[in-house]
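K.L.:
Read left to right, the sequence shown gives residues 5 to 426 (the working numbering).
Please see the structure below; I have some questions.
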Amino acid sequence: MAYTAPRGTVDILPDKSSQWMRLEQLIRTICANYNVKEMRTPIFEHTELFNRAVGDTTDVVTKEMYTFNDKKGRSITLRPEGTAGICRAYVENKMYANAEKLTKVYYLGPMFRYERPQHGRQRQFHQFGVEMLGVESPYVDVECMLMAVTLVETLGIKDITLHINSLGDDESRDAYRKALQDHFRPFLGELCHDCQERFDKNPLRILDCKVDAKHEAMKSAPRTIDYLSENAKAHFDKVCELLDVLGVDYVIDTNLVRGLDYYSHTVFEVISDDPKLGAGATVGGGGRYNGLVEELGGPSTPGIGFAFGMERLLIALEDQATSDDEGIDAYIMPLGDQARDMALQLATVLRANGFTIDMDYVGRGLKGQFKSADRFKAALNIIIGDEEVEGGYVQVRNKKTREQAKVNVDEIVDYMIKYFEG
Ligand code: AMP
Numbered sequence: 005m006a007y008t009a010p011r012g013t014v015d016i017l018p019d020k021s022s023q024w025m026r027l028e029q030l031i032r033t034i035c036a037n038y039n040v041k042e043m044r045t046p047i048f049e050h051t052e053l054f055n056r057a058v059g060d061t062t063d064v065v066t067k068e069m070y071t072f073n074d075k076k077g078r079s080i081t082l083r084p085e086g087t088a089g090i091c092r093a094y095v096e097n098k099m100y101a102n103a104e105k106l107t108k109v110y111y112l113g114p115m116f117r118y119e120r121p122q123h124g125r126q127r128q129f130h131q132f133g134v135e136m137l138g139v140e141s142p143y144v145d146v147e148c149m150l151m152a153v154t155l156v157e158t159l160g161i162k163d164i165t166l167h168i169n170s171l172g173d174d175e176s177r178d179a180y181r182k183a184l185q186d187h188f189r190p191f192l193g194e195l196c197h198d199c200q201e202r203f204d205k206n207p208l209r210i211l212d213c214k215v216d217a218k219h220e221a222m223k224s225a226p227r228t229i230d231y232l233s234e235n236a237k238a239h240f241d242k243v244c245e246l247l248d249v250l251g252v253d254y255v256i257d258t259n260l261v262r263g264l265d266y267y268s269h270t271v272f273e274v275i276s277d278d279p280k281l282g283a284g285a286t287v288g289g290g291g292r293y294n295g296l297v298e299e300l301g302g303p304s305t306p307g308i309g310f311a312f313g314m315e316r317l318l319i320a321l322e323d324q325a326t327s328d329d330e331g332i333d334a335y336i337m338p339l340g341d342q343a344r345d346m347a348l349q350l351a352t353v354l355r356a357n358g359f360t361i362d363m364d365y366v367g368r369g370l371k372g373q374f375k376s377a378d379r380f381k382a383a384l385n386i387i388i389g390d391e392e393v394e395g396g397y398v399q400v401r402n403k404k405t406r407e408q409a410k411v412n413v414d415e416i417v418d419y420m421i422k423y424f425e426g
């Protein structure tokens, strides 16, 4: 039997991993600029956490979770998203008691959803996300959105638009929920089975339905922003005002409700028309979730966050990367058994001094070894033959100038330091 990776998963091979590292590095730099610290939570959690946090009626929970019983019969789920775990850890570790009221963290790593795999959609995929907990100010909403926009802009992703909407507070959502039910009631028989279930449990979800997306009742549905309470409206107005002041382009997208249950107030998505992603692709999104920490047993704590699909960011980046893939410092080329022993010792010493070194282990001739050195983009070739072993020196060949120098083994570290400083 031939073994294959499970459907919806991919191997990230060495020729792709430098792009991943570049993306991760950029994410870490931007997070450092915003003084956002990394947090790492388990890849699996108790199933109940996601039922509670993400919501029993969402597609993610009802259809897409990888859930299994462990050997003690506990129900465990591979995380389908990052916010639930971060909020669980925030409560469990009493991070709300920190001296600093605003806790800003980020995470990156694999997420798991049982979805139909297609271009840019996998069953194991990666997300980068940010969560800001503890402060309700619209300034925090804007900081969060700015980070999201800065990231995609820095990556050079083209044709992006920030879509925003407000779902309001509990009071606004109750009023809106009623208005939505009144609106959809006459059409209930024409809507899909899922929407009929959503009607009572969570009518907002109807707006997110892909099956009924073209139904006429969708277009004429009431808008969340017309049902905002005074407080919620003031919050949203301030968010828009700050974005205006900063010159951030955005559109108010009144149908934007997001797929997970925990959102309130500001929700947003970064949408790209980059042809590589397909028109209108969502690269990431997020929103405020003021009730979530309390829902998980913590004190009432406002929060806001976003998540980006890293595979999508990389598709958009595909043309750019690889060429700046850095080469190694030196490739050691032994000719003969004795030379190979010396090469291994030399490689060990040079690596211990911080150099990136590789060498030939298979006893090929010079031609084959030069080919490897080229593939690894080695700045220097270090050639060792019988004569060199006898004399205790090596030949160092500079790839760029094609000059060759005889260097004593004792002096090779100094030689390399000088060469790379120059
Ligand atoms: P969500 O957590 O559903 O708001 O998703 C946030 C982002 O994660 C999306 O905008 C996508 O970029 C990405 N994403 C979600 N599901 C998948 C998936 N199955 N495969 C790849 N990326 C995904």
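Backbone N, C-alpha and C fix where the C-beta goes; we use that ideal spot for every residue, glycine too.
1. Less than 8 Å separating the beta-carbons of Val400 and Gln408?
2. What are the boundary residues of the beta strand (DSSP E) that includes Met25?
3. For the alpha helix (DSSP H) that contains Asp74, what are its first and last residues?
4. Using only CA atoms, which one of Met5, Ile386, Thr360 and Phe272 lies nearest to Leu150?
5. Assign Ala217 to one of two classes, buried (16 or more other C-beta atoms within 10 Å of its C-beta) or exposed (fewer than that).
6. Between the C-alpha atoms of Ala103 and Gly138, what's the straight-line distance to the nearest angstrom?
7. Counting C-beta neighbours from all protein chains within 10 Å, is the total for His2 16 or more, i.e. buried, or is it exposed?
8. Just to confirm the assignment, what range does the alpha helix (DSSP H) spanning Gln342 have?
9. Could you give the distance in angstroms between the alpha-carbon of Thr107 and the alpha-carbon of Tyr293?
10. Helix, strand or coil for Pro114, going by three-state DSSP, please let me know.
11. What's the gap between the Cα of Ala6 and the Cα of Asp15?
12. Using a 10 Å radius around the Cβ and a threshold of 16 neighbouring Cβ atoms, would you call Leu17 buried or exposed?
13. Between which residues of its own chain and Tyr231 is the CB-CB distance below 7 Å, once the five residues before and five after are set aside?
14. Have a look at Glu245, Thr81 and Asp257 and flag the residue whose alpha-carbon is nearest the alpha-carbon of Thr228.
15. Under the DSSP definition of a beta bridge, which residues are partnered with Lys108?
16. Taking 7 Å as the line, does the beta carbon of Gly59 fall inside it for any heavy atom of ligand 1?
17. Rounding to the nearest angstrom, what Cα-Cα distance links Thr305 and Arg56 in this structure?
18. Are the CB atoms of Gly288 and Val274 within a distance shorter than 8 Å?
19. Since Asp362 sits in a beta bridge, which residues does DSSP pair it with?
20. Distance check for Gln128 and Thr326, CA to CA, integer angstroms please.
21. In terms of residue numbering, what span does the beta strand (DSSP E) encompassing Arg292 cover?
22. Are Tyr38 and Gly302 touching if we call contact CB-CB under 8 Å?
23. Might you give, ordered along the chain, the residues of its own chain that have their beta carbon closer than 7 Å to the beta carbon of Val65, omitting 5 neighbours on each side?
24. Counting along the chain, where does the beta strand (DSSP E) carrying Lys470 start and finish?
25. Compute every distance between the C-beta of Val109 and the non-hydrogen atoms of ligand 1, then say whether any falls below 7 Å.
26. Comparing alpha-carbon positions, which option in Ile164, Ser224 and Lys205 lies nearest Phe191?
27. Go through its chain and collect everything with a Cβ distance to Arg2's Cβ below 6 Å, but skip five positions before and after it.
28. Does the Cβ of Ser276 have 16 or more other Cβ atoms within 10 Å, making it buried, or fewer, making it exposed?
29. Flag Thr45 as yes when its Cβ comes closer than 7 Å to any non-hydrogen atom of ligand 1, and as no otherwise.
30. Whole angstroms are fine: how far does the CA of Gln373 sit from the CA of Asp364?
P.N.:
The short version:
1. In contact: Val400 and Gln408 (Cβ atoms closer than 8 Å).
2. Counting along the chain, Met25 falls outside any beta strand (DSSP E), though it belongs to the alpha helix (DSSP H) covering Pro18 to Asn37.
3. No alpha helix (DSSP H) contains Asp74, which DSSP labels as neither H nor E.
4. When each option's Cα is compared against that of Leu150, the closest is Phe272.
5. By the neighbour-count rule (16 or more Cβ atoms within 10 Å), Ala217 is not buried but exposed.
6. About 11 Å.
7. Since the first residue shown for the chain is 5 and the last is 426, residue 2 is missing from the structure and cannot be characterised.
8. Looking at the DSSP string, the run of the alpha helix (DSSP H) that includes Gln342 is Asp341 to Ala356.
9. Roughly 14 Å between the two C-alpha positions.
10. Strand at Pro114.
11. Answer to the nearest angstrom: the Cα atoms are 16 Å apart.
12. Within 10 angstroms of the beta-carbon of Leu17 lie fewer than 16 other beta-carbons, which makes it exposed.
13. Closer than 7 Å at Cβ, skipping near neighbours: Gly172, Ser176, Ala179, Tyr180 and Ala183.
14. Considering only alpha carbons, the answer is Asp257.
15. BP columns for Lys108 point to Met136.
16. Gly59: no, Cβ never under 7 Å from ligand 1.
17. Taking the straight line joining both Cα atoms gives about 16 Å.
18. Val274 is a Cβ neighbour of Gly288, given a cutoff of 8 Å.
19. For Asp362, which the question treats as bridged, DSSP gives the partners Tyr335.
20. With a pLDDT of only 49 at Thr326, under 50, the local geometry of the prediction cannot be trusted, and no value is derived from it.
21. Arg292: member of the beta strand (DSSP E) spanning Ala285 to Arg292, first to last residue.
22. For Tyr38 and Gly302, no; Cβs fall outside 8 Å.
23. If we look at Val65 and ignore the five residues flanking it on each side, its Cβ neighbours are Phe54, Asn55, Val58 and Gly59.
24. This structure does not reach residue 470, given that the chain is present from 5 up to 426, and the question cannot be answered.
25. The closest heavy atom of ligand 1 lies 7 Å or more from the beta carbon of Val109.
26. Nearest option by C-alpha distance: Ser224.
27. Any question about residue 2 goes unanswered here, given that the chain covers just 5 to 426.
28. Flag for Ser276 reads buried.
29. No; taking the cut-off as 7 Å, the Cβ of Thr45 has no heavy atom of ligand 1 nearer than that.
30. A direct Cα-to-Cα measurement between Asp364 and Gln373 gives close to 7 Å.
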